[in-house]
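Quick notes on the structure that follows.
Residue numbers (the numbering used here): 35 to 195.
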């Protein structure tokens with residue numbers, strides 16, 4: 035077959051498939067309502083008035099189904115309570131945070147991380163985001179209006195201002 039005849043056959047096939055799909059989708063909407071027949075399914079089966087419970091007693095097997103040997107049942111032994119153990123109460127140590135104010139950040143065009151402007155105990159500090167400063171204090175995350183600071187295993191959010 036030449037290319038022209040092949041294209042004609044394929045075009046007829048595509049048009050017939052699309053015509054069949056359109057007929058299936060919209061074919062029922064063009065029929066008259068008089069022609070449609072409504073079939074109602076009527077079931078005349080009576081349901082039982084009362085339902086009885088099905089009770090089953092399960093036997094307790096003491097044989098292991100995989101190994102085939104018998105299990106020894108343990109007899110429950112009640113344990114006597116011994117004197118309660120006095121737990122040592124650790125004193126709550128409050129961590130003395132330095133006076134810390136977050137003033138904002140400055141982002142340079144060439145730098146990857148911005149410089150954060152902080153005031154610690156009255157001293158102005160410019161620090162990068164991920165470095166420790168002032169006796170192990172570290173900035174975990176920063177935002178426009180606040181920073182998250184970790185100092186001696188305690189985290190605190192400092193608001194701007």
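Yeah, the Cβ is synthetic: ideal placement off N, Cα and C, and Gly gets one too. Here the structure is a predicted model, which means the values were calculated and not measured.
- Beta-bridge analysis with DSSP links residue 135 to 153.
- Contact annotation: residue 150 and residue 161 have beta-carbon atoms nearer than 7 Å.
- Distance from the CA of residue 119 to the CA of residue 171, rounded to the nearest whole angstrom, comes to 38 Å.
- Contact annotation: residue 181 and residue 136 have beta-carbon atoms nearer than 7 Å.
- Here residue 162 carries a strand assignment [DSSP, helix/strand/coil].
- Under the 10 Å beta carbon count, residue 139 is surrounded by 16 or more other beta carbons and is classified as buried.
- Residue 124 and residue 89 have their C-alpha atoms spaced approximately 57 Å apart.
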